[in-house]
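Structure first, commentary second.
In the numbering used here, the protein residues as written are 331 to 639.
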């Protein structure tokens, strides 16, 4: 625009539009815009996750069905794989290295198979959690949903797989003279606590693996070390009775050992409370709550960064 004076026309700049002086955040607030994929509050996040419970369950079932779809034996590998592992460990540790340390075969074989099945539950949940985000980037980037659905679904998949394996474990226990009694009821709370622990651990590994895909290559070595330190193939208090007591205490209090020993205590008649650490149920519950809540919050804090980079 311009004005005319006695000296001639003078240019006058147009007044600035009212929005030009606002920052990007102020502009967004003025026009009701929000950040795409912004992290919701923790309470809202839990609500969104609950709303997608049917998706989580269906996704875990689909993954479980597809896992062995290309194999001729199909779902039988869910049971055959840990059984074959148990057979190898029995040959090496039970026969060659005599890790049973005086246990009768009627006790040691159910002891070993229980340890393999229960530890495999945790191991598989961790390995699935590491790849939960990095292995499903197409889904993460294409759809808007709470990303915790993926590691939770994978942990649920591993629980369903363990439940199939438990039928074989029951048959082995009965076959070696350990018949059902009231102690078998304890299997339910043990599985619930271990599932909570595994889910929290899967959430932690999912966040770590989303930024560091190479973690998936490292974790098998970590899990193998954890397995050997958790008494899968031997009883920690028996095997280490001639070692300093603090070593056995540390190994017995690790969560993998606790859940395995509680399952053995429930299933095997002669595996009594003398093989368990003090306050074992409090420890099992503490590990479950600590990892379930801590892992969930840890994963939620990075919600808006998954799939962006």
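We put the CB at the ideal spot given by N, CA and C, even for glycine.
- Query: DSSP state of residue 562, grouped into three classes?
  - Reply: The residue labelled residue 562 in the question sits at position 232 within the chain shown. In this structure, residue 562 counts as coil in the three-state DSSP scheme.
- Using 7 Å as the cut-off, classify the Cβ of residue 531 as near or not near the heavy atoms of the ligand ADP, replying yes or no. For the ligand ADP, the structure offers nothing, since it holds no ligand at all.
- Message: Just to check my reading of the structure: residue 475 and residue 594 have Cβ atoms closer than 8 Å, yes? What is that Cβ distance to the nearest angstrom?
- Response: The count along the chain shown starts at 1 and reaches residue 475 at position 145. The count along the chain shown starts at 1 and reaches residue 594 at position 264. Wrong, their Cβ atoms sit about 39 Å apart, outside the cutoff.
- Message: In the DSSP assignment, the alpha helix (DSSP H) including residue 458 goes from what residue to what residue?
- Response: As a first step, residue 458 must be located in the chain shown, where it is residue number 128. Residues 435-460.
- Pull up the distance between the alpha-carbon of residue 332 and that of residue 636, whole angstroms please. Residue numbering aside, residue 332 sits at position 2 when the chain shown is read from its first letter. Residue numbering aside, residue 636 sits at position 306 when the chain shown is read from its first letter. Reliability of the predicted coordinates at residue 332 is poor, the pLDDT of 49 falling under 50, and the value obtained from them is presented with this limitation in mind. Their Cα atoms are separated by approximately 54 Å.
- Item | Cβ-based neighbour list, residue 527, same chain, cut-off 6 Å, excluding 5 preceding and 5 following | Looking up residue 527 in the chain shown gives position 197. For residue 527, where only same-chain residues beyond five positions count, the Cβ hits under 6 Å are 585, 617, 618 and 621.
- Message: Is the beta carbon of residue 465 closer than 8 Å to that of residue 562?
- Response: Counted from its first residue, the chain shown places residue 562 at position 232. Counted from its first residue, the chain shown places residue 465 at position 135. Going by C-beta atoms, residue 562 is not nearer than 8 Å to residue 465.
- Message: Taking 8 Å as the threshold (C-beta atoms), are residue 597 and residue 412 in contact?
- Response: Taking the chain shown and counting its residues from 1, one reaches residue 412 at position 82. Taking the chain shown and counting its residues from 1, one reaches residue 597 at position 267. It is not a contact, given that the beta carbons lie outside the stated cut-off.
- Query: Do three or more CB pairs link the stretch 537-545 to the stretch 451-465 at distances below 8 Å?
  - Reply: Touching, yes, given that three or more Cβ pairs across the two stretches are closer than 8 Å.
- Query: Just the Cα atoms here: how many angstroms apart are residue 437 and residue 483?
  - Reply: What you label residue 437 is simply residue 107 of the chain shown in a count that begins at 1. What you label residue 483 is simply residue 153 of the chain shown in a count that begins at 1. Those two C-alpha atoms are separated by around 35 Å.
- With a threshold of 16 other CB atoms inside 10 Å of the CB of residue 591, please say whether the residue is buried or exposed. Here the question's residue 591 lines up with position 261 in the chain shown. It counts as buried.
- Query: Quick one: what's got a C-beta closer than 8 Å to residue 433's C-beta in the same chain, skipping five residues either side?
  - Reply: Counting from one through the chain shown, the residue named residue 433 turns up at place 103. Hits under 8 Å: 441, 565 and 568.
- Task: Mind checking which residues open and close the alpha helix (DSSP H) that includes residue 411?
- Result: Residue 411 sits at position 81 when you count from the first residue of the chain shown. For residue 411, the uninterrupted alpha helix (DSSP H) run begins and ends at 407-419, by DSSP.
- Query: Since residue 532 contacts residue 455 with CB under 8 Å, what's their CB separation in whole angstroms?
  - Reply: For the purposes of this step, residue 532 is taken as the residue at position 202 of the chain shown. For the purposes of this step, residue 455 is taken as the residue at position 125 of the chain shown. The Cβ separation is near 5 Å, so the contact holds.
- Are the beta-carbon atoms belonging to residue 525 and residue 485 less than 8 Å from one another? To locate residue 525, count along the chain shown from 1; it is residue 195. To locate residue 485, count along the chain shown from 1; it is residue 155. Taking a C-beta distance under 8 Å as the contact criterion, residue 525 and residue 485 qualify as a contact pair.
- Limits of the unbroken alpha helix (DSSP H) element including residue 481: As a position in the chain shown, residue 481 is number 151, starting the count at 1. For residue 481, the enclosing alpha helix (DSSP H) stretches over residues 479-505.
- Considering residue 395, what are the terminal residues of the alpha helix (DSSP H) in which it resides? Locating residue 395 in the chain shown gives position 65, where the first residue counts as 1. Counting along the chain, residue 395 sits inside the alpha helix (DSSP H) bounded by residues 383-397.
- Query: Quick one, are the C-beta atoms of residue 453 and residue 553 less than 8 Å apart?
  - Reply: Here residue 453 refers to the residue found at position 123 when the chain shown is read from its first residue. Here residue 553 refers to the residue found at position 223 when the chain shown is read from its first residue. Judged by beta-carbon spacing, residue 553 lies within the 8 Å limit of residue 453, meaning their Cβ atoms are closer than that value.
- Task: Inspect the beta-carbon positions of residue 492 and residue 451 and report whether they are closer than 8 Å.
- Result: On the chain shown, position 162 is the one that residue 492 refers to. On the chain shown, position 121 is the one that residue 451 refers to. The answer is yes: Cβ separation under 8 Å.
- CA-CA distance, residue 667 and residue 549? The shown model of the chain, from 331 to 639, leaves out residue 667, and the question about it has no answer.
- Closest to residue 608 by CA distance: which of 521, 582, 624 and 415 is it? Here residue 608 refers to the residue found at position 278 of the chain shown. Here the closest residue by C-alpha is 582.
- Nearest neighbour of residue 602, chosen from 513, 490 and 426 [CA to CA]: Translated into positions along the chain shown, residue 602 becomes position 272. Cα-wise, what sits closest to residue 602 is 513.
- Task: In angstroms with no decimal places, state the Cα-to-Cα distance between residue 629 and residue 529.
- Result: Stepping through the chain shown from its first residue, residue 629 is reached at position 299. Stepping through the chain shown from its first residue, residue 529 is reached at position 199. Residue 629 and residue 529: Cα-Cα distance of roughly 11 Å.
- Should residue 426 be labelled buried (16 or more other beta-carbon atoms within 10 Å of its own) or exposed? Working through the chain shown from its first residue, we reach residue 426 at position 96. In the assembly as shown, residue 426 is an exposed residue. Its beta-carbon has fewer than 16 other beta-carbons within 10 Å.
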